[in-house]
Amino acid sequence: MRPHPLLLVLFLLLSPQVKSAEPEFPLTADSKPQPDVPKGELIKDTYTADGKSCFPGTQREYQLYIPQGLDRSKPAAFMVFQDGVIYQAPVVFDNLIAKKDIPPLIGVFIKPGVIPAADGNALPRFNRSFEYDSITDTYSRFLIEEFLPAIETKHGIKLSADPNDAAISGNSSGGIAAFMVAWHRPDRFRRVFTGVGTYVGIHGGDRLPVLVRKFEPKPIRIFLQSGTGDNNLYCGDWWMANQMMERSFTWAGYDVNHAWSEGGHNQKHASQIFPDVLRWLWRDWQTTREIKANARGESKWKGYEVCQAEKGWDVAARMDDVVSFKVMQRGPKHQLWSWEHLASDKAGVVYVVENDTGTIVSIPANGPAKIFASGLEGITSIVPCNQEGIIASIQNRDTSPPQHTLVSLDGEGKVTRTVTGARNGSLCASFNGRVYAACYSNIAGESPVGDIRDVGNTLPSIVSIAPDGAMTRRTKYADLPFSAGRLAFSPDQTLLYACDWQQPEVISWQVQPDGSLKHGQRFVKLDTEEGPVNYPRGICVDTDGRVYVATTLGIQVCDQAGRVNFIIPTPEKPFDVSFGGKDLSELFIACGKTVYRRAMKVHGIASGQMAPIKPAPPKL
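This is how it looks when you write it as structure tokens:
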């Protein structure tokens, strides 16, 4: 009996074994050699990384495309490709340069690194996934700081330092690598093409659609290609991931374009469209060359609720310009110093603390930075208060065991009171005069006018110091252990936030009427990156109740419900964050020897000198 034709059709449609053939993607004339078109030169070479490299011991092949007639004495536009020569790029360059569709550019075709096999019975170590699939800045540092300068020197070429003259591309894992170079270093690369990009969960790529939405938009123009037949494996779905990336770029206001097809995980479709992709990426190379962030003003980035889009970070103070080396020099162990703690008062004066030398620099709202106090070696934290001026926590490391001191400073930076014996670290004050100290080891402490008692707790903890000198231990540390970090109050001063220096989290307690702390929770889960330093550092709040946390990713800003809404990139890794300036309307960050500031639409809190403020409830 012959099957009914309709049944046969249904079988073919529903059978999981039946897969439609991938469509053909014939190349256009732009991807084929053309007569009478000047041909560029291809140079083949190898690069071996030394022991100081980001990828020590790796060897890799590379090729350079040099357009005919290039003046090597002048900086040239260039485009970097991962995995060597792909997309018929040298031929396409010849044709499009001749048509003036793209600038005369140098092509850099670099393959991933390989550690040669130890002997004939061993395999090499293949670095491709390690280098390409990571979302850290390691590959971008290798490329920009190591490889490109090396080939410039060796081959006598000059690559333009203008990021608008630099493009980068790759296929599959090479695609995500290309994007991450531009993501981490938009100061060097701003034009990106990725074919079947591996934005999936191999080394964190699956997080990128969210991070693109959370980070302030960057000056990047990007073209994405993928297809319905792309990979669908243990680590994710390439087709879905590329669509999610495109939607995130659009939401965040990027200059983004895409080409979808029914193609698979290969270079076929990307090679076909490559000439038109180049035209789109370089469409303005002879006119308005600069690529700007959120150029059309269509970004939905939530950070624009608090940040002024037209104003970025400015240098507030360079510590080397304020404090001379002779003042800072205290012997060999102090030849390198770092300014890692900030505090501000209600007048907007920002105080910057250097721990080892005990120097405090003040940055007024209007005026140059100057030394406020010195000689407080071992200072760990300060907090402006109504009752005591400025309270400082000091640790004397030259004694055994280390001696801990609380001191009060007047408006001239002079010590007015001293109490010895308190073990404390970061300080935070409420308007009613109560001071909280995050203690690293034993708990002790009363107000600077009282006596000190050691209660012998060996865990990191928080001490509450009442205005009348009474000291109370405030948490059950067995229930909620943490590594004591910076502290901050909510605007209404009913919640106390603490950074955990060993976990990407912020802890929240409710402050009781008697000053005790209850209902502690690891309330904020911060975004992280790979690397040795992931923990949160400084913390502050604005009058609307947002929590600002200094992390290696930048300033992560959370709503009252504990959700990271957006991330403000920083020019360097920040150690601390605080509001300051006129009306506390500028955000300050401490980054080693430099303090930066950025104008904001919102205002900060100086909890020790300002009455509680009840903010509006969060949108849940």
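Here the working numbering is used: the first residue of the sequence shown is 29, the next is one more, and so on.
Glycine included, each C-beta is placed from N, C-alpha and C at the ideal position.
Remember, predicted model here, so these are calculated numbers, not experimental data.
- Boundaries of the alpha helix (DSSP H) harbouring residue 300: 296-309, taken from the DSSP string.
- Contact between residue 628 and residue 613 holds: their C-beta atoms lie close to 6 Å from each other, under 8 Å.
- Contact between residue 413 and residue 596 does not hold, since the beta-carbon distance rounds to 29 Å and is not under 8 Å.
- Rounded to the nearest whole angstrom, the C-alpha separation of residue 301 and residue 568 is 49 Å.
- With a 10 Å radius around the Cβ and a threshold of 16 neighbouring Cβ atoms, residue 121 comes out buried.
- Exclusion of the five residues before and after residue 113 leaves 91 and 137 as the residues of its chain whose Cβ lies within less than 7 Å of its Cβ.
- Within the same chain, 59, 60 and 61 come within 8 Å of residue 119 by CB-CB distance, once the 5 residues on both sides are set aside.
- Residue 212 sits in a helix when the DSSP states are folded into three classes.
- Counting only runs that start and end inside the segment 146-220, the alpha helix (DSSP H) elements of at least 4 residues fall at 156-160, 166-169, 176-183 and 201-212.
- Residue 398 has 390 as its beta-bridge partners, per DSSP.
- DSSP places residue 555 outside both helix and strand once states are collapsed to three, so it counts as coil.
- Here residue 188 is near residue 104, since their CB atoms are less than 8 Å apart.
- Proximity of the segment 134-154 to the segment 81-90 meets the contact definition, three or more beta-carbon pairs being nearer than 8 Å.
- In this structure, the beta-carbon distance from residue 643 to residue 572 falls below 8 Å.
- Membership of residue 593 in the beta strand (DSSP E) is indicated by the continuous run 592-596.
- Taken through DSSP and simplified to helix, strand or coil, residue 282 comes out as coil.
- Membership of residue 585 in the beta strand (DSSP E) is indicated by the continuous run 582-586.
- Assigned with DSSP and collapsed to three states, residue 333 falls in helix.
- Closest in C-alpha terms to residue 401, from the list 382, 212, 310 and 592, comes 382.
- Inclusion of residue 640 and residue 521 in the CB contact set at 8 Å is warranted, their separation being smaller than that value.
- Within 10 angstroms of the beta-carbon of residue 78 lie fewer than 16 other beta-carbons, which makes it exposed.
- From the listed residues 272, 229 and 252, the smallest Cα separation to residue 262 is found for 229.
- Each of 392, 93, 575 and 458 was checked against the Cα of residue 183, and the nearest Cα belongs to 93.
- Pairing residue 309 with residue 161, the inter-Cα distance amounts to about 23 Å.
- As for any beta strand (DSSP E) of minimum length 3 sitting wholly inside the segment 47-117, the runs are 69-76, 87-94 and 105-110, ordered along the chain.
- For the pair of segments examined, the segment 237-253 was found not to touch the segment 140-147: the number of CB pairs separated by less than 8 Å stays below three.
- Between residue 198 and residue 110, the gap from beta carbon to beta carbon is short of 8 Å.
- Of all alpha-carbon atoms in 213, 338 and 576, the one lying nearest the alpha-carbon of residue 173 is that of 213.
- When the Cα atoms are used, residue 406 and residue 322 turn out to be separated by approximately 45 Å.
- Per DSSP, the continuous alpha helix (DSSP H) segment holding residue 241 begins and ends at 236-242.
- Below 8 Å, too few C-beta pairs join the segment 330-345 and the segment 278-298 to call them touching: fewer than three.
- Residue 157 sits away from residue 200, with the two beta carbons spaced by 8 Å or more.
- For residue 528, the enclosing beta strand (DSSP E) has its first and last residue at 523-528.
- Checking the DSSP bridge columns, you'll see residue 318 has no partner listed.
- Of the residues 602, 575, 423 and 73, the one whose Cα lies closest to the Cα of residue 367 is 602.
- Here residue 523 is actually not in contact with residue 464; their C-beta atoms are around 12 Å apart, not less than 8 Å.
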